[in-house]
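J.: Below is the structure I would like to discuss, written out as structure tokens.
Residue numbers (the working numbering): 552 to 779.
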């Protein structure tokens, strides 16, 4: 369903004649977010072109990557249009996922997903003066605690790690122990498949990725038609 809503957002954008200034504002903020993210975590992979973010009807923000063309697009939730801090939170979170895309079969680790949320909350707290409480979900709270503990030792640790392994979700336990200076059990947890940790089965993920690839090809056709 989320995938179809992303396509719907593209279709509405192409067929609508409404003012596009809001999307351009989102793009400018995203560029600023990347400047901050790159300072902390190292450079973004320049082989992927960043497209203007879209507002969709999706229940959660997401990033889609047109693998054959190296193009990335962030889709924000409907509520982000009327809630500025939410738009910023979603942009900052998704920005981390496209610092270094992991490939077609990419599955995020707890390290990457937790880092994305850690950075998003930090950004929103600075821009809007907001504070975030501990999560009521014990599993998600464990994710945030693990990443926060890692970052509290050295907020540039991800930059140091990415100097050795640019793709965040490919950073392994050995590297985390060596560079991050954490205990083996902590490293193992951070390198855990995020989807499996929350009980999402691999067959479901495979089907979703296949759907994303099909939709990516459709969106590429939309973009090609628009530029002609």
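All residues carry an ideal CB built from backbone N, CA and C; glycine is no exception.
Around the C-beta of residue 582, are 16 or more other C-beta atoms found within 10 angstroms, so that it is buried, or is it exposed?
T.: Answer is exposed; the Cβ neighbour count stays below 16.
J.: By DSSP, does residue 634 sit in helix, in strand, or in coil?
T.: DSSP places residue 634 in coil when its eight states are reduced to three.
J.: I need the DSSP call for residue 599, collapsed to helix, strand or coil.
T.: DSSP places residue 599 in coil when its eight states are reduced to three.
J.: For the region 639 to 656 against the region 715 to 735, are there 3 or more C-beta pairs whose distance is under 8 angstroms?
T.: The region 639 to 656 is in contact with the region 715 to 735.
J.: Drop a sphere of 10 angstroms on the beta-carbon of residue 610, count the other beta-carbons inside from all chains shown, and report buried for 16 or more, exposed for fewer.
T.: Exposed, because fewer than 16 other Cβ atoms sit within 10 Å of the Cβ of residue 610.
J.: What do you get for residue 621, buried or exposed, if any count of 16 or more other CB atoms within 10 angstroms of its CB means buried?
T.: Exposed, because fewer than 16 other Cβ atoms sit within 10 Å of the Cβ of residue 621.
J.: In terms of alpha-carbon separation, which member of 585, 744, 574, 750 lies closest to residue 603?
T.: Nearest of 585, 744, 574, 750 to residue 603, Cα basis: 574.
J.: Taking 6 angstroms as the limit between beta carbons, can you name the residues of its chain near residue 625, skipping five residues before and five after?
T.: Result list for residue 625: 604, 614, 645, in chain order.
J.: Who are the Cβ neighbours of residue 612 in its own chain at under 6 angstroms, not counting the five residues just before and after it?
T.: So the list reads 627, 628, 641, 645, once near-sequence residues are dropped.
J.: Going straight from the alpha carbon of residue 668 to that of residue 695, what length do you get?
T.: Near 8 angstroms, if we compare the C-alpha coordinates of residue 695 and residue 668.
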